[in-house]
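Going down the list, the protein sequences come from chains A and B. Using this note's numbering, the first residue of the first sequence is number 2, and each one after it goes up by one. Using this note's numbering, the first residue of the second sequence is number 11, and each one after it goes up by one. Here the structure comes first, spelled out in structure tokens, and everything after it is commentary.
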Amino acid sequence: MEYPKEIETRKWVICPFCEASCLHRELLPNQELICERCDTTVLVHIPEKSLQPPFALSLTGLLLLLLANTTPILTFEVVGRSQSDYMITGIIELFRQGYWLIGLLVSFCGIIAPAVFFLCAFYLGFALVLNLRPPGLKWAVLALRSVRPWNLIPVYSIATLVAVVKLKMLGEVNWQVGARFILGVAVMSILCEQFSVRQIANEQLREMGVNPEE
Amino acid sequence: MSLSDRSRVNLSRALVVTGLILYIPSNIMPVMTMSIVGKVDALTVLGGVHELYDSGLPLISGVVFLASFVLPFAKLAALAWVLFLHGTPTLRRERGKVFKIVHLIGSWSMIDIFLIAVLAAVGQLGALASVRAEPGCIVFAVVLLCSLVAAEIYKPRLIWEDF
């Protein structure tokens with residue numbers, strides 16, 4: 002089948018969701034190329050200034066995650082004896098009780114995936130803001146896309162809230178500084194996720210020769 | 011190693027069926043045992059929801075009920091529907107939308123797993139307070155993993171394939 006010459010000479014872009022081929026066209030700032038088949042944003046033209054917030058958010062998220070893992074989230078007190086809760090202590094306890102599958106799941110979704118997510122978002126943001134092509138950028142984009150559904154820090158923060166409600170029925174619970182960091186990571190995570198979808202679809206990435214669909 | 015499209019569909023179907031079968035025991039078996047000053051409580055997923063509701067916290071119990079009970083089933087049912095219609099031209103666009111939603115909200119069902127981790131961390135006060143995970147949490151985790159992995163294996167482009 003022969004296509005009109007105009008179509009033949011234009012570039013094709015693959016939809017990241019349904020993998021349909023979409024015809025590339027020039028985009029104005031903030032304009033999006035939407036897949037006709039599944040309504041997914043395939044390409045977006047992000048103005049240079051708008052690249053800085055996700056870069057800053059990912060760096061903040063990374064630092065907050067580090068702090069959330071090194072400070073206690075809460076203390077629970079029963080009859081004068083108290084116990085602090087760190088993210089890692091719950092995982093260690095689950096391993097100690099022989100529930101390594103649960104321990105692995107919690108450590109992956111609560112620590113490893115968020116760390117990889119923020120690192121990759123930071124690396125991508127760094128490349129886009131400085132208009133550089135550092136090594137492994139395509140892998141960073143692929144890793145960012147793969148770990149995104151497994152970054153469950155916002156769910157962890159809600160689970161902590163539910164745990165506190167439960168524990169308050171049984172003893173005294175005091176919030177510690179780590180809880181603020183967890184909440185901070187959760188907020189950064191939600192914001193960064195919104196930005197990262199646009200960042201991966203950024204036209205500038207394709208211009209830099211990084212095409213995660215290839 | 012890359013899976014063929016047919017293997018992807020078959021594997022996803024197997025995982026969804028496994029998840030649906032295990033969904034029943036995951037809600038019957040206790041997921042943890044809490045022992046506070048001699049009082050021992052074996053909690054199931056729904057038992058925890060009930061306890062929160064009885065304590066005058068309907069909003070939080072509603073969130074946990076949705077995340078731990080409704081969502082895992084809704085996700086498996088949605089995936090089963092997408093996989094059942096695979097290869098047919100019926101409602102392709104709608105299936106794509108449902109698949110997107112499954113990806114977006116599916117992870118919230120992990121709330122109970124994290125809850126066990128937080129409670130286990132503080133429940134190390136010997137005879138005064140202890141929290142032990144129970145085999146039910148493994149079954150619950152397997153249900154969640156089945157739906158998460160099935161959604162990862164089944165590529166959305168397969169919705170528009172005709173085999």
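All residues carry an ideal CB built from backbone N, CA and C; glycine is no exception.
query = Which residues in the same chain have their Cβ closer than 6 Å to the Cβ of Pro48/A, if we skip the five residues on either side of it in sequence?
reply = As a working note, residue 48/A is residue 47 in the first sequence. So the list reads Pro30, once near-sequence residues are dropped.
task = Step through the CB atoms of chain B and report whether any lies within less than 8 Å of the CB of Ile183/A.
result = One-based indexing of the first sequence puts residue 183/A at position 182. Cβ-Cβ to chain B under 8 Å: no for Ile183/A.
query = Going along chain A in order, which residues have a C-beta closer than 9 Å to the C-beta of Ile148/B?
reply = The residue given as residue 148/B occupies position 138 in the second sequence. Ordered by position in chain A, the residues that pass the 9 Å Cβ test against Ile148/B are Tyr100, Leu102 and Ile103.
request  = Could you name the residues of the same chain whose beta carbon sits closer than 7 Å to that of Ile38/B, not counting the 5 residues immediately before and after it, in chain order?
outcome  = In the second sequence, the residue the question calls residue 38/B occupies position 28. Taken in chain order, the residues that qualify are Thr54.
query = Quick one: is Lys139/A near chain B, going by C-beta distance under 8 Å?
reply = Numbered from its first residue, the first sequence carries residue 139/A at position 138. Lys139/A does not count as touching chain B.
key: Nearest candidate by alpha-carbon position, reference Gly172/A, set Glu171/B, Val149/B, Tyr164/B and Ser140/B   = Sequence index remark: in the first sequence, residue 172/A carries index 171 (1-based). Comparing Cα-Cα distances from Gly172/A to each of Glu171/B, Val149/B, Tyr164/B and Ser140/B, the minimum goes to Ser140/B.
inquiry  = Helix, strand or coil for Ile1/A? Go by DSSP, reduced to three states.
reply    = The structure shown does not extend to residue 1/A, since chain A spans only 2 to 215, so no value can be given for it.
key: Minimum Cβ-Cβ distance from Leu13/B to chain A less than 8 Å   = Residue mapping note: residue 13/B aligns to position 3 of the second sequence, counting from 1. No - not a single Cβ of chain A is within 8 Å of the one on Leu13/B.
ask   = Apart from the five residues just before and just after Val50/B, which ones in its own chain have a Cβ nearer than 7 Å to its Cβ?
value = Residue mapping note: residue 50/B aligns to position 40 of the second sequence, counting from 1. Only Thr43 meet the Cβ criterion.
task = Report back the beta-carbon spacing between Ala202/A and Val45/A to the nearest angstrom; my notes put them in contact at under 8 Å.
result = Locating residue 202/A in the first sequence gives position 201, where the first residue counts as 1. Locating residue 45/A in the first sequence gives position 44, where the first residue counts as 1. Yes, they are in contact, since the Cβ atoms of Ala202/A and Val45/A sit about 5 Å apart, within 8 Å.
request  = Could you check if Gly185/A is buried or exposed, using at least 16 other CB atoms within 10 Å of its CB as the buried criterion?
outcome  = Here the question's residue 185/A lines up with position 184 in the first sequence. With 16 or more Cβ atoms within 10 Å of its Cβ, Gly185/A is classed as buried.
ask   = Is Phe173/B near the ligand FMN, judged by its Cβ being under 7 Å from some heavy atom?
value = With respect to small molecules bound, the structure shown includes none, and the ligand FMN cannot be examined in it.
message = Below 8 Å on the Cβ atoms is my contact criterion, and I expect Pro55/A with Ser197/A to pass it. Report the Cβ-Cβ distance as a whole number of Å.
response = Counted from its first residue, the first sequence places residue 55/A at position 54. Counted from its first residue, the first sequence places residue 197/A at position 196. The Cβ separation is near 7 Å, so the contact holds.
task = Tell me whether the beta-carbon of Thr90/A lies closer than 8 Å to the beta-carbon of Ala52/B.
result = For this step, residue 90/A is matched to residue 89 along the first sequence. For this step, residue 52/B is matched to residue 42 along the second sequence. Cβ atoms of Thr90/A and Ala52/B: not closer than 8 Å.
Contact under 8 Å by Cβ, Val156/A with Val165/A = The residue given as residue 156/A occupies position 155 in the first sequence. The residue given as residue 165/A occupies position 164 in the first sequence. Against a cut-off of 8 Å, the Cβ pair of Val165/A and Val156/A comes out as no contact.
task = Check each residue of the region 115 to 128 of chain B: if its Cβ is closer than 8 Å to any Cβ of chain A, include it; give the result in chain order.
result = Gly116, Ser117, Trp118, Met120, Ile121, Asp122, Ile123, Phe124, Leu125, Ile126, Ala127 and Val128
key: Three CB pairs or more closer than 8 Å across the region 56 to 70 of chain A and the region 177 to 194 of chain A   = yes
Short Cβ contact (8 Å threshold) for Ile121/B with Ala160/A = By one-based count along the second sequence, residue 121/B stands at place 111. By one-based count along the first sequence, residue 160/A stands at place 159. Contact flag set, yes.
inquiry  = Quick check: what's the CA-CA separation for Ser85/A versus Ile123/B?
reply    = Within the first sequence, numbered from 1, the residue matching residue 85/A stands at position 84. Within the second sequence, numbered from 1, the residue matching residue 123/B stands at position 113. Whole-angstrom Cα-Cα distance: 19 Å.
query = Cβ of Ile163/B less than 8 Å from any chain A Cβ?
reply = Translated into the one-based positions of the second sequence, residue 163/B becomes position 153. With 8 Å as the cut-off, Ile163/B does not count as an interface residue toward chain A.
inquiry  = Once DSSP output is grouped into helix, strand and coil, what is the label at Asp86/A?
reply    = The residue you call residue 86/A lines up with position 85 of the first sequence. It is a strand residue.
message = Quick check on Pro82/B: buried or exposed, where buried means 16 or more other Cβ atoms within 10 Å of its Cβ?
response = For this step, residue 82/B is matched to residue 72 along the second sequence. So Pro82/B counts as buried.
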